[in-house]
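**Student:** If you're matching them up, the sequences are chains A and B in order. Taking our numbering, the leading residue of the first sequence gets 302, the next gets one more, and so forth. Taking our numbering, the leading residue of the second sequence gets 205, the next gets one more, and so forth. Note that CB positions come from ideal geometry on N, CA and C, so glycine has one too. Model, not experiment: these values are computed from the prediction. My questions all concern the structure below.
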Amino acid sequence: MTDILQTTVVLEQARAIGPLERRVLRALRDKGPGLLLEVAVRVLSFPEQITPVLRDLRERGLIRAERFGGSALGDELWSVTPLGAQILDAAEALEQRAAGAPAPAEAMDGTALHQSVKQQEAELLHKLGDIAVRAGDTARAAEYYEQALKLVRQMRETPAS
Amino acid sequence: MSLPVHHIALVAIAAAVGFVWGLREIVDAFKFDTRHALRTGGAWLLLLANAFAAALIYVFVASLIPGLDTWHAALLIGLAWPAVIRNANIRLAATMPDPASLDPAGDRQAAAIRFEQIYANFQDLARRMINAALTRQRVQLVIRATRLDLARLETHARTLLLASLLQNPDMPGDDYIDKIMQSGKDENKKVALAVFIIQNFGRDALEEFIRQQGRRSGSNP
């Protein structure tokens, strides 16, 4: 039950992430930890513009900061947390799904839309399972896969009109 | 006399494989920064710990199971030791049940420390040490770049950008450099340009430029 709640939290946070937040998370994940000015340059921004974004992401537990002496580039070394990486992966999966969607949601009837959302969630759970496998957490991966399987079975029981 | 030498050679094989495992982890984590990462104490701590753990596990397994004193057993255990660590538990509380507890089995489970967690914590520590060292190196490089002429540094950044745009049209345009040049004091512009070069074209691009400028000022005092 806790795991389902956690998955829901991950999905909700992934949907709530803004474009600049996503770029900051991606920059930290792909290029490693960085000082304030380094992170700003990676996202083609300036320190005063990304400071509130970094603070907000830290409050949500998606990034962390370690003290790093006094330097012209910033005095904290920012890095992405495992939760931040997980949410970024989920956000990217949702983004890919949205980009590859065959028809807009408005064009679907209620059942088809419901099925589509379920399918997206099943694929996302599958992806989270894969991430957990890579992290060596097979127990959690099994839970994700079971949840995905449950959704797939539900979709088969109620075929789209 | 040849027996201990033979055993030492086998332990060395397991250690060497463990060392290569550690190297692979560093390459995976630091990719293009591997060369610089390998010059840090954290990297050597990780590499030596990997080698030591592989050797220790080989000695332990070989002492339990007879017939493992062959080079391919040493090689195999050197390769498989992370899997051994991942599945091993140290049950600290196994011999110390809590009399007040209603669920001693649960207590033991809670107190069990997974080797994997210890290793993950150690990896995290080494990674943080490497990241801190790499950041210090980058800061030093940026400080050296602030002694350069601003116009030359700007030209270098624009040239690098232009060259990379030809290969990768998705690179950012030079309007970001325009914004840097419109902001604040010269010192801050130099810092931002140096960071821009490091982040987009790597440390070598800036290090080489600083060397060139040093040679130029040496030849034209």
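Is A/VAL381 helix, strand or coil when you go by DSSP?
**Tutor:** The sequence position of residue 381 of chain A within the first sequence is 80, counting from 1. In the structure shown, A/VAL381 sits in a strand (DSSP, three-state: E or B).
**Student:** Among the residues of its own chain, which have a CB less than 6 Å from the CB of B/PHE413, if the five just before and after it don't count?
**Tutor:** Counted from its first residue, the second sequence places residue 413 of chain B at position 209. HIS360.
**Student:** Are the C-beta atoms of A/GLU339 and some chain B residue less than 7 Å apart?
**Tutor:** Here the question's residue 339 of chain A lines up with position 38 in the first sequence. Chain B contact via Cβ: present.
**Student:** Assuming A/LEU426 and A/GLN397 are in contact, meaning their beta carbons sit under 8 Å apart, how far apart are those beta carbons, in whole angstroms?
**Tutor:** Taking the first sequence and counting its residues from 1, one reaches residue 426 of chain A at position 125. Taking the first sequence and counting its residues from 1, one reaches residue 397 of chain A at position 96. With a Cβ gap of about 15 Å, A/LEU426 and A/GLN397 do not count as contacting.
**Student:** Could you tell me which of B/ALA253, B/ARG340, B/ILE381, B/LEU280 sits nearest to A/GLU377, measuring between CA atoms?
**Tutor:** If you number the first sequence from 1, residue 377 of chain A lands on position 76. When only C-alpha atoms are compared, the closest one is B/ARG340.
**Student:** Where do the N-terminal and C-terminal ends of the beta strand (DSSP E) with A/ARG368 fall, by residue?
**Tutor:** Looking up residue 368 of chain A in the first sequence gives position 67. Per DSSP, A/ARG368 belongs to the beta strand (DSSP E) from 364 to 368.
**Student:** Quick check: is the beta carbon of B/THR244 nearer than 7 Å to any beta carbon in chain A?
**Tutor:** Residue numbering aside, residue 244 of chain B sits at position 40 when the second sequence is read from its first letter. B/THR244 does not count as touching chain A.
**Student:** Which residues in chain A have a C-beta closer than 8 Å to the C-beta of B/VAL395? List them in chain order.
**Tutor:** Translated into positions along the second sequence, residue 395 of chain B becomes position 191. The answer, in chain order, is LEU338, ALA373, LEU374.
**Student:** How would you write the range of the alpha helix (DSSP H) that B/GLY246 sits in, first residue to last?
**Tutor:** Within the second sequence, numbered from 1, the residue matching residue 246 of chain B stands at position 42. Run containing B/GLY246: 245 to 268, per the alpha helix (DSSP H) assignment.
**Student:** What ranges does the beta strand (DSSP E) occupy inside the segment 323 to 373 of chain A, keeping only unbroken runs of at least 3 residues that lie completely in it?
**Tutor:** Complete beta strand (DSSP E) runs here, min 3: 364 to 368.
**Student:** If you draw a straight line from the C-alpha of B/ILE294 to the C-alpha of B/PHE264, how long is it?
**Tutor:** On the second sequence, residue 294 of chain B is found 90 positions in, with the first residue counted as 1. On the second sequence, residue 264 of chain B is found 60 positions in, with the first residue counted as 1. In this predicted model, B/ILE294 has a pLDDT of only 47, less than 50, meaning its place in the structure is not dependable; the value taken from the coordinates is given anyway. Looking at the two C-alpha atoms, the distance is approximately 15 Å.
**Student:** Using a Cβ cut-off of 9 Å, pull out every chain A residue sitting near B/PRO376, in sequence order please.
**Tutor:** Here residue 376 of chain B is taken as the residue at index 172 of the second sequence, counted from 1. Here the neighbours are LEU345.
**Student:** For the segment 252 to 266 of chain B against the segment 444 to 458 of chain A, are there 3 or more C-beta pairs whose distance is under 8 Å?
**Tutor:** The answer is no - the segment 444 to 458 of chain A does not touch the segment 252 to 266 of chain B, with fewer than three Cβ pairs under 8 Å.
**Student:** So that I know if they touch, is there some Cβ in chain B lying closer than 7 Å to that of A/LEU321?
**Tutor:** By one-based count along the first sequence, residue 321 of chain A stands at place 20. Closer than 7 Å: no.
**Student:** Can you tell me where the alpha helix (DSSP H) holding B/THR339 begins and where it ends?
**Tutor:** Translated into positions along the second sequence, residue 339 of chain B becomes position 135. Unbroken alpha helix (DSSP H) run through B/THR339: 319 to 349.
**Student:** Cα-Cα, which of A/SER417, A/THR382, A/LEU374, A/GLU313 is closest to B/TRP391?
**Tutor:** Taking the second sequence and counting its residues from 1, the one referred to as residue 391 of chain B is at position 187. According to the sequence shown, residue 391 of chain B is Glu rather than Trp. Measuring from the Cα of B/GLU391, the nearest candidate turns out to be A/LEU374.
**Student:** By Cβ distance, which residues of its chain are closer than 8 Å to B/PHE400, with the 5 residues on each side in sequence left out?
**Tutor:** Counting from 1 along the second sequence, the entry for residue 400 of chain B is found at position 196. The residues are ALA361, TYR380, ILE381, ILE384.
**Student:** Quick one: grab the DSSP three-state call for A/LEU426.
**Tutor:** By one-based count along the first sequence, residue 426 of chain A stands at place 125. Helix, per DSSP.
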